[in-house]
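Read the sequence shown against our numbering and you will find it ends at 393, with the numbers running on by one and no gaps.
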Amino acid sequence: MMPLKYAIARLRTPAWLAGVCALVLCPLALPGDSRTRPSARCATECTPGGVPVLAWHNFADQATPEYGTLTETFAAFEEMIAFLAENGFRSVFPEEVRLGADGGARQVILTFDDGPRSQLRAAEILERYGFRGIFFVIPTRAAGGDERFMDAAELERLSRAGHRVAAHGYEHRSLPGSGTEVAASLVRSMRLLGEGAQPTAGHDFAFPFGHYTAEIAEALAGSYRYLHTVNPGYWDGASPLLPRMLIMSGVDPALFREYVLAGERYRPTLEPLTPDGAVAGRVAFRAHGPVPDDLELFAITADASGRSYVSNPLRELARVAGDTVWVDLAGYMARHYPPGRAVISYALVTREGGEMRYASPGRMNWIADPVAALRPAPAPVRADTAASPGAR
2 MMPLKYAIAR LRTPAWLAGV CALVLCPLAL PGDSRTRPSA RCATECTPGG
52 VPVLAWHNFA DQATPEYGTL TETFAAFEEM IAFLAENGFR SVFPEEVRLG
102 ADGGARQVIL TFDDGPRSQL RAAEILERYG FRGIFFVIPT RAAGGDERFM
152 DAAELERLSR AGHRVAAHGY EHRSLPGSGT EVAASLVRSM RLLGEGAQPT
202 AGHDFAFPFG HYTAEIAEAL AGSYRYLHTV NPGYWDGASP LLPRMLIMSG
252 VDPALFREYV LAGERYRPTL EPLTPDGAVA GRVAFRAHGP VPDDLELFAI
302 TADASGRSYV SNPLRELARV AGDTVWVDLA GYMARHYPPG RAVISYALVT
352 REGGEMRYAS PGRMNWIADP VAALRPAPAP VRADTAASPG AR
């Protein structure tokens with residue numbers, strides 16, 4: 002099989018692509034922009050505080066079970082937006098974030114995935130409060146005539162209203178399981194979205210299902226300035242990978258309020274040593290200061306009991322060796338998640354006065370090879386059609 006980087010290079014070399022790359026694939030240089038990768042240590046030694054990043058999907062007047070777990074009501078959504086406005090937040094795009102230099106103004110990044118048509122009404126709610134969002138759409142759906150999703154004219158209307166339209170893959174396939182989806186995300190997504198698009202079309206990309214590997218993130222970082230995950234936590238204003246708090250149906254308003262208000266107190270003390278997106282049954286963190294006795298692991302996705310937004314104590318699953326904290330991630334998942342779960346987006350947290358404090362940045366790690374984990378199971382062979390051992 003051709004290595005990923007060579008397959009991508011071959012797709013990006015045709016002459017027709019040069020003009021597209023100049024306009025939409027290659028991010029524009031902005032004042033103060035540096036394409037260098039920040040050190041993970043920045044999270045523990047740079048300016049205190051982090052920016053909350055929120056992610057919604059679908060909306061409806063009533064969130065009934067048939068809508069699934071990613072549909073919020075318009076009323077609940079407006080309550081969240083009103084809370085942000087009442088508490089002095091202003092919406093920003095990633096390149097506008099300024100930590101420690103904003104005169105106390107609170108910043109928040111608002112994002113929306115998949116491009117369902119219900120997001121048009123959500124955008125109107127944002128506009129009533131003077132907010133802007135980033136709308137991550139699936140290009141093949143936007144161009145495919147499916148009435149459930151926004152079309153090109155509606156996306157252009159969002160852009161004219163001050164919102165940002167960006168790519169969420171190409172066909173919304175998990176990238177580690179599909180080399181063609183990676184290549185299409187690099188080339189064809191922006192070609193579809195970039196025809197008549199805003200000049201910032203190549204700034205942001207959201208991983209389908211939140212799945213990535215370190216190699217895929219590196220490949221995409223050459224074409225997209227900001228890579229949006231669904232890892233819990235706050236953005237430090239420097240990392241190319243942005244965590245996002247996924248808002249699921251019926252999220253506890255208290256948890257939402259706690260998350261957005263605590264960003265200004267964000268100062269993680271555990272520096273990740275295991276690469277983000279790596280396959281690792283055990284993950285390591287370097288402690289900058291005393292290691293908390295009450296470390297918990299927090300994840301948004303539902304555990305074996307069906308509960309979302311749950312943190313559980315690590316106890317014996319966390320071991321300290323000098324200034325290094327080792328976490329048995331495979332053991333944690335075996336204890337708290339259904340069998341077969343191969344990936345988790347998480348952060349290490351503590352509890353102070355009943356409130357959750359992030360001790361580490363948000364991460365995503367696999368406990369099994371992602372390509373094998375995402376490969377569809379073979380169809381069972383019926384006994385009456387199976388060939389005998391001697392058959393040809």
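Just so you know, even glycine gets a beta-carbon here, dropped at the ideal spot from N, CA and C. Since this is a predicted model, take the numbers as computed values, not measurements.
What number of angstroms, rounded off, separates the C-alpha of VAL138 from the C-alpha of GLU317? 42 Å
With contact counted as at least three CB pairs below 8 Å, one residue from each stretch, are the region 285 to 296 and the region 252 to 272 in contact? Flag = yes, the region 285 to 296 and the region 252 to 272 touch.
Indicate whether the contact test is met: 3 or more Cβ pairs, each with one atom in the region 156 to 167 and one in the region 121 to 139, closer than 8 Å. yes
Beta-carbon contacts of ALA331 that lie in its chain and below 8 Å, excluding the five residues immediately before and after: GLY282, ARG283, ILE368
Where does the unbroken beta strand (DSSP E) through HIS229 begin, and where does it stop? 227 to 229
Is DSSP giving PHE78 helix, strand or coil here? Looking at PHE78 - three-state DSSP - the assignment turns out to be helix.
Contact between the region 284 to 293 and the region 65 to 84 (3+ Cβ pairs under 8 Å): The region 284 to 293, when compared against the region 65 to 84, does not touch it at the 8 Å Cβ threshold.
Please classify SER224: does DSSP put it in a helix, a strand, or coil? Three-state result, SER224: coil.
Is DSSP giving TYR267 helix, strand or coil here? coil
Please classify ASN88: is it buried, with 16 or more other beta-carbons within 10 angstroms of its beta-carbon, or exposed? exposed
On a CA-only basis, which of ILE217, SER240, GLY307 is nearest VAL98? Give me that one, please. The residue with the shortest Cα to Cα distance from VAL98 is SER240.
Please state the DSSP three-state secondary structure of TYR130. coil
Starting from SER346 and walking both ways along the beta strand (DSSP E), at which residues does that stretch end? 344 to 353
Run the CB neighbour count on PHE278, radius 10 Å, all protein chains shown included, and call it buried at 16 or more, exposed below. The residue you asked about is not Phe; residue 278 is Gly in the sequence shown. When all chains shown are included, GLY278 counts as buried.
Where DSSP assigns a beta bridge to GLU272, which residues make up the other side? ARG287
Going straight from the alpha carbon of SER250 to that of PHE84, what length do you get? Between the alpha carbons of SER250 and PHE84 lies a gap of roughly 18 Å.
Just verifying my parser: in three-state terms, what is the DSSP assignment at ALA373? Taken through DSSP and simplified to helix, strand or coil, ALA373 comes out as helix.
Bridge partner(s) assigned by DSSP for VAL60: With the sequence shown as reference, residue 60 is identified as Phe, and Val is not the correct amino acid for it. For PHE60, which the question treats as bridged, DSSP gives the partners GLU73.
Cβ neighbour criterion (16 or more within 10 Å) applied to ARG245: buried
So, VAL292 versus VAL326, is the Cβ gap smaller than 8 Å? yes
What is the C-beta distance between GLY146 and SER92, in whole angstroms, given that I count them as a contact (C-beta under 8 Å)? So it is not a contact: roughly 31 Å between Cβ atoms.
DSSP state of ARG358, grouped into three classes? strand
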